[in-house]
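Numbering (our numbering), first residue to last: -19 to 525.
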């Protein structure tokens, strides 16, 4: 970013950053130090950034991160906050004596107070401020300060008497094995950016089956509310926690069940395999016929590469069993609530696969579970409006990195390569190197992916929607699978789970169809060179020479 623009933004946010620092601090000096550090970090980040689509969200995210680092490096050593008070003498009214255990318990109970009451307790007992001074600093009537102080005393007394229970997540936290999303991520990435650390992941999971407030979340995790307060705020601001009317949080992130059934999964696969056999016989010929005259460049001349990609697209995108009145896909009204809105511009449904156990580990499945694949990836170039792509990464191809490595810039570079804009190899070494790394061009300069001289929208419009008569044959199986699947999820997730499983004819069925076509000889086995191009189509107004 240009320095002039960064200066304008910093000037606009100076007072806001100072106010943010003040709320996080316990003294004027600490406020000054923290505000200075935050301003410095924000300014450096602005200068290093390119385009920022949400300035406010970007600034506050940097401030949050700076505060977290500040707490770790300064506050714990200085003993400034209530969380990290060491052997500081408590007011005689608490009569804790010198016992370390009692001191620790008292400090813990202070951490369970609300933010305002913690502040008042800290100022009154640790800083020896008078009621009048506290009232002046906080802008509250003296009577209100006295009331909060009295309520805090009562809460502390009750807290010291009770035995706080550590929830199951405090003893056995869940662990993520994979993250996914359906939609568009922001500049920071997908759900793995926000849920990548164990604390954040378990904060969100703690409200999955039962809504909880901050204190209840803390008890479930076996920590104090102070410890998770800032993380919870970030998670709420980015859609991972949803505050309800009663102040409790829930979430619309889809977590996989902790216990799964091999038999149930196998039963689903068998139903899908039967459907795939029907589609291979009755639907595939229609798809191949629809694109027979498409003008495309195919590496090696094997037209089956294009046909296979079109078939996988067709089954994934043209065979939904949901009714026409509910054909909005994942964007229809009932499902809008599942889309998380991130401060960095991301909008997506978030998925987390958790480490799970089989309820029936000795069951021998009839169908092998090897249908892992990413969803449809569409890339549209802003720089070159005629350039776009569609792909699904799976075991059929040799591409690596899935969505995170499938950059729009890759297709920009290939378009520039095809149109002669990268003729100066020395000047464009990085772009050419990237294309070779992805396998899009070979060592001899040949293009190695399928390119069609047609707009993607018009190409896919050629492909017919699956006939209603065929869809109706699968409706009972789809309903059965959706009903069974919903039983493993909390009530707020039912609409999403039913919708996802109602799309019975999905990419798993699409992969099964391709397996059938490769196995029965309709398609020749893919060569290693062809696997780079498998189930990927680029659309352009020119073709490679």
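Each residue gets a CB set at the ideal place from its N, CA and C atoms; glycine is no exception.
The structure presented is a predicted model; accordingly, all values stated were derived computationally and were not measured.
Exercise. Assuming residue 231 and residue 224 make a contact with CB atoms under 8 Å, what is their CB distance in whole Å?
Worked result: Between residue 224 and residue 231 the Cβ distance is about 11 Å, and since that is not below 8 Å, they are no contact.
For this session: Take the Cβ of residue 507 as the centre, count every other Cβ of all protein chains shown within 10 Å, and call the residue buried at 16 or more, exposed below.
Result: Exposed, by the Cβ-count rule.
Exercise. Nearest to residue 275 by alpha carbon, out of 344, 25, 454, 436?
Worked result: Taking only the C-alpha atoms, the option nearest residue 275 is 436.
Exercise. At what residues does the alpha helix (DSSP H) containing residue 260 begin and finish?
Worked result: For residue 260, the enclosing alpha helix (DSSP H) has its first and last residue at 242 to 262.
Exercise. Mind pulling the beta strand (DSSP E) runs of 3 or more residues that sit fully within the stretch 389 to 449?
Worked result: Listed in chain order, the complete beta strand (DSSP E) runs (minimum 3 residues) inside the stretch 389 to 449 are 430 to 432.
Problem set entry | Environment of residue -9 [buried if 16+ CB atoms lie within 10 Å] | Taking a 10 Å sphere around the C-beta of residue -9, we find fewer than 16 other C-beta atoms and assign the residue as exposed.
Exercise. For the candidate residues 370, 296, 15, 281, whose alpha-carbon lies nearest to that of residue 50?
Worked result: Ranked by how close their Cα comes to the Cα of residue 50, the residues 370, 296, 15, 281 have 15 in first place.
Exercise. Quick one: what's got a C-beta closer than 6 Å to residue 267's C-beta in the same chain, skipping five residues either side?
Worked result: Correct list, in chain order: 290, 291, 294, 443.
Exercise. According to DSSP, is residue 364 helix, strand or coil?
Worked result: Three-state DSSP puts residue 364 in coil, outside helix and strand.
For this session: Starting from residue 491, follow the alpha helix (DSSP H) in both directions and report where the run begins and ends.
Result: In this chain, the alpha helix (DSSP H) harbouring residue 491 covers 487 to 499.
For this session: Confirm, please, whether the CB-CB distance from residue 166 to residue 326 is below 8 Å.
Result: A contact, by the Cβ cut-off of 8 Å.
Problem set entry | DSSP three-state assignment for residue 281, whether helix, strand or coil | Looking at residue 281 - three-state DSSP - the assignment turns out to be helix.
For this session: Can you have a look at residue 22 and say buried or exposed, based on whether 16 or more other CB atoms are within 10 angstroms of its CB?
Result: When all chains shown are included, residue 22 counts as buried.
For this session: Can you tell me the Cβ-Cβ gap for residue 347 and residue 253, rounded? I've got them flagged as a contact below 8 Å.
Result: 6 Å between Cβ atoms; contact.
Exercise. Where do the N-terminal and C-terminal ends of the alpha helix (DSSP H) with residue 353 fall, by residue?
Worked result: Premise fails: residue 353 is in no alpha helix (DSSP H) and is neither H nor E.
Problem set entry | Residue nearest to residue 465 in terms of C-alpha spacing, selected from 248, -6, 121, 199 | Ranking 248, -6, 121, 199 by Cα distance to residue 465 puts 248 first.
Exercise. By how many angstroms is the C-alpha of residue 220 removed from the C-alpha of residue 321?
Worked result: Straight across, the Cα-Cα distance linking residue 321 with residue 220 is about 9 Å.
Exercise. Can you tell me whether DSSP reads residue 102 as helix, strand or coil?
Worked result: Three-state result, residue 102: helix.
Problem set entry | residue 374 beta carbon less than 8 Å from that of residue 367 | No, these two residues do not count as a Cβ contact at 8 Å.
For this session: State whether the stretch 374 to 385 contacts the stretch 509 to 521, with contact taken as three or more CB pairs (one from each stretch) at a distance under 8 Å.
Result: They touch, by the three-pair rule.
Problem set entry | Beta-carbon spacing of residue 353, residue 372 below 8 Å | For residue 353 and residue 372, yes; Cβs fall inside 8 Å.
For this session: Would you tell me roughly how many angstroms separate the C-alpha atoms of residue 438 and residue 521, rounded to the nearest one?
Result: Residue 438 and residue 521 have their C-alpha atoms roughly 13 Å apart.
For this session: Please look up how many angstroms separate the CB atoms of residue 359 and residue 386, rounded, as I've assumed it's under 8 Å.
Result: Residue 359 to residue 386, Cβ: 7 Å. Contact.
For this session: Buried or exposed for residue -16, please, with buried defined as at least 16 other CB atoms from any protein chain shown within 10 angstroms of its CB.
Result: It is exposed - the Cβ of residue -16 has fewer than 16 other Cβ atoms within 10 Å.
For this session: Compute the Euclidean distance between the alpha carbons of residue 315 and residue 468, then round it to the nearest angstrom.
Result: Taking the straight line joining both Cα atoms gives about 19 Å.
Problem set entry | Residue burial classification, residue 197 (beta-carbon count within 10 angstroms, cutoff 16) | By the neighbour-count rule (16 or more Cβ atoms within 10 Å), residue 197 is buried.
Exercise. In chain order, what residues of the same chain lie with their CB nearer than 6 Å to the CB of residue 357, ignoring the 5 residues before and after it?
Worked result: Contacts found: 371, 383, 386.
For this session: In angstroms with no decimal places, state the Cα-to-Cα distance between residue 264 and residue 162.
Result: Each residue's Cα considered, the two are about 26 Å apart.
Exercise. Which two residues bound the contiguous alpha helix (DSSP H) that contains residue 476?
Worked result: In the DSSP annotation of this structure, the continuous segment of the alpha helix (DSSP H) that includes residue 476 starts and ends at 474 to 482.
Problem set entry | Meets three-Cβ-pair contact criterion under 8 Å: the stretch 236 to 246 and the stretch 388 to 402 | At 8 Å Cβ cutoff, the stretches do not touch.
Problem set entry | Coarse secondary structure for residue 41, derived from DSSP in three states | Of the three classes helix, strand and coil, the one that applies to residue 41 here is helix, per DSSP.
For this session: Would you kindly check if the distance between the Cβ of residue 429 and the Cβ of residue 420 is under 8 Å?
Result: Residue 429 is positioned such that its CB atom lies closer than 8 Å to that of residue 420.
Exercise. Terminal residues of the continuous alpha helix (DSSP H) containing residue 117?
Worked result: Looking at the DSSP string, the run of the alpha helix (DSSP H) that includes residue 117 is 111 to 118.
Exercise. Out of curiosity, what's the CA-to-CA distance linking residue 405 and residue 391?
Worked result: Going from the Cα of residue 405 to the Cα of residue 391 covers about 17 Å.
Problem set entry | Candidates 182, 241, -18, 132: closest to residue 345 by CA position | Residue 241 is the option with its Cα nearest to residue 345.
Exercise. What separation, rounded to the nearest whole angstrom, lies between the Cα atoms of residue 286 and residue 277?
Worked result: Straight-line measurement puts the Cα of residue 277 at about 9 Å from the Cα of residue 286.
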